[in-house]
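S.K.: Can you keep this structure in mind? I'll have questions shortly.
Numbering (the working numbering), first residue to last: 2 to 146.
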């Protein structure tokens, strides 16, 4: 799906969050990226590492429940600039560059074969709204060291 300026584009169907991120980076170019998700998988982390040259700064926000799988974080901390934990069930990707985009969706940062729904927006008011909310979450979250 081709993204355009100042437009919100909905999606529904078999879609993974990594595919949403790739689509967004196609619009924004190399960008600062924040990924907020309830869960994350090794598949997603591997795919994310392949995109690392297209990402200036990578921040990941996850739910405390995923701390039970510490082996994932050894790999994640090698590619993410910052990782935060909080009570989190949101699934949001924010890309900021000379052009910005935000996606709010049902899919976690995992690999699955289920129908997912969401929206990708390049509308400045929505990008700024979610950017402000994510900034507040980060200020209150615990940083992984």
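All C-beta atoms in this analysis are idealised placements derived from N, C-alpha and C, irrespective of residue type, glycine included.
1) According to the neighbour-count rule (16 or more other Cβ atoms, all chains shown, within 10 Å of its Cβ), is residue 108 buried or exposed?
2) Please work out which residues of its chain come closer than 6 Å, Cβ to Cβ, to residue 118, disregarding the five sequence neighbours upstream and downstream, and give them in chain order.
3) Counting beta carbon pairs with one atom in the stretch 124-133 and one in the stretch 21-32, are three or more of them shorter than 8 Å?
4) Please go through the same chain and pick out, in chain order, the residues whose beta-carbon is closer than 8 Å to the beta-carbon of residue 43, but skip the five residues on each side of it.
5) Would you mind stating whether residue 9 and residue 92 have Cβ atoms separated by less than 8 Å?
6) Counting C-beta neighbours from all protein chains within 10 Å, is the total for residue 45 16 or more, i.e. buried, or is it exposed?
7) On the DSSP letters alone, give me the boundaries of the alpha helix (DSSP H) that residue 15 sits inside.
8) Check this for me: beta carbons of residue 98 and residue 53, under 8 Å apart or not?
9) For residue 48, report the span of its alpha helix (DSSP H) as first-last.
10) Within the stretch 77-146, note down every full alpha helix (DSSP H) run reaching 4 residues or more, in order along the chain.
11) Considering residue 63, what are the terminal residues of the beta strand (DSSP E) in which it resides?
12) By the three-class DSSP mapping on this structure, what secondary structure does residue 18 have?
13) If residue 142 and residue 60 are in contact, beta carbons under 8 Å, what's the gap, nearest whole angstrom?
M.R.: Judging by the given coordinates:
1) By 1-based counting over the chain shown, the position of residue 108 is 107. Classification of residue 108: buried, given that the 10 Å Cβ count is 16 or more.
2) Translated into the one-based positions of the chain shown, residue 118 becomes position 117. Hits under 6 Å: 13 and 107.
3) no
4) Position 42 of the chain shown, counted from the start, is the residue given in the question as residue 43. Within the same chain, and ignoring the five residues on either side of residue 43 in sequence, the residues whose Cβ sits closer than 8 Å to its Cβ are 73 and 76.
5) Translated into the one-based positions of the chain shown, residue 9 becomes position 8. Translated into the one-based positions of the chain shown, residue 92 becomes position 91. No, these two residues do not count as a Cβ contact at 8 Å.
6) The count along the chain shown starts at 1 and reaches residue 45 at position 44. Label assigned to residue 45: buried.
7) Walking along the chain shown from the start, residue 15 turns up at place 14. Residue 15 -> not in any alpha helix (DSSP H); beta strand (DSSP E) instead, spanning 9-15.
8) Position 97 of the chain shown holds residue 98. Position 52 of the chain shown holds residue 53. For residue 98 and residue 53, no; Cβs fall outside 8 Å.
9) By 1-based counting over the chain shown, the position of residue 48 is 47. Residue 48 -> alpha helix (DSSP H) spans 43-51.
10) Counting whole runs of 4 or more residues, the stretch 77-146 contains the alpha helix (DSSP H) stretches 125-141.
11) To locate residue 63, count along the chain shown from 1; it is residue 62. Here the beta strand (DSSP E) through residue 63 covers 56-64.
12) Taking the first residue of the chain shown as position 1, residue 18 is located at position 17. In the structure shown, residue 18 sits in a helix (DSSP, three-state: H, G or I).
13) Your numbering for residue 142 matches position 141 in the chain shown. Your numbering for residue 60 matches position 59 in the chain shown. The Cβ separation is near 10 Å, so there is no contact.
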